[in-house]
Each structure stands twice: as C-alpha cells, then as structure tokens.
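Undergrad:
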Amino acid sequence: MSYFVYVLLNPQGKLYVGQSDDVPRRLSQHNDPGYRGTLHTKRHPGPWQLVHQEEFPTRSEAMRRERELKSSRGREWIRRQIESGC
Numbered sequence: 249m250s251y252f253v254y255v256l257l258n259p260q261g262k263l264y265v266g267q268s269d270d271v272p273r274r275l276s277q278h279n280d281p282g283y284r285g286t287l288h289t290k291r292h293p294g295p296w297q298l299v300h301q302e303e304f305p306t307r308s309e310a311m312r313r314e315r316e317l318k319s320s321r322g323r324e325w326i327r328r329q330i331e332s333g334c
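Residue numbers (our numbering): 249 to 334.
1. Bridge partners for residue 251 per DSSP, in chain order?
2. Suppose contacts are defined by Cβ-Cβ distances below 9 Å. Is residue 254 in contact with residue 288 by that definition?
3. Ignore the nearest five residues each way along the sequence and tell me which others in residue 275's own chain have a CB closer than 6 Å to its CB.
4. What alpha helix (DSSP H) runs, 4 residues minimum, are completely inside the segment 251-301?
5. To the nearest angstrom, how far is it from the Cα of residue 281 to the Cα of residue 271?
6. Whose CA, out of 285, 260, 267, 307, lies closest to the CA of residue 249?
7. Can you give me the start and stop residues for the alpha helix (DSSP H) that residue 319 sits inside?
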C-alpha cells in the first residue's frame, strides 16, 4: 500500500497539507460540507483543489514529509511550486 502527502488550495489562496492512502476520497471529504473530519478546511471556504501530491512506501515517511511541508520553509516551497506551475 502506498501513502500520499497532498496539498490543497482554495480560491482565497489558503493551503492545506495532509496525508492519506486515498487522496481522491480525502479531497471529496474536504469538499463535503457534511463531513465532520476536516475541520480546518471547513473553516475556510472551498472548493478545495489538489495542487500537489507525493507518494511514499510507508505511512511514517509520508508523515515525515507532511511535517516538512507544514513548516514555514515547506510552505514557501509549496508556494514556489504553485507559482512556477509545477
């Protein structure tokens, strides 16, 4: 089983970084107003769109990368990737 770190962006430019073994399901949950397990994305209006994802062989590796991307340096890297169209 693979695990993924994903980055979502909303129309106001807010970023959300998460990890999952099923990114399409999680994206659907983030955009579902009735789903209660995504409090951060409920506080900021969507729709949320997937702008980046990375695959890892283990959950621990995905969680490590998630922490990196949630840091200020990681968020700067994400913004540069979005601006450059990667």
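Each residue gets a CB set at the ideal place from its N, CA and C atoms; glycine is no exception.
TA: Short version:
1. Here the question's residue 251 lines up with position 3 in the sequence shown. Residue 251 pairs with 304.
2. As a first step, residue 254 is located in the sequence shown; it is residue number 6 there, counting from the start. As a first step, residue 288 is located in the sequence shown; it is residue number 40 there, counting from the start. No. Outside cutoff.
3. Here the question's residue 275 lines up with position 27 in the sequence shown. So the qualifying residues of the chain are 298.
4. 271-279, 287-291
5. For the purposes of this step, residue 281 is taken as the residue at position 33 of the sequence shown. For the purposes of this step, residue 271 is taken as the residue at position 23 of the sequence shown. About 17 Å.
6. Counted from its first residue, the sequence shown places residue 249 at position 1. Among 285, 260, 267, 307, the Cα nearest to that of residue 249 belongs to 307.
7. In the sequence shown, counting from the first residue as 1, residue 319 sits at position 71. First-last for residue 319: undefined, no H or E at that position.
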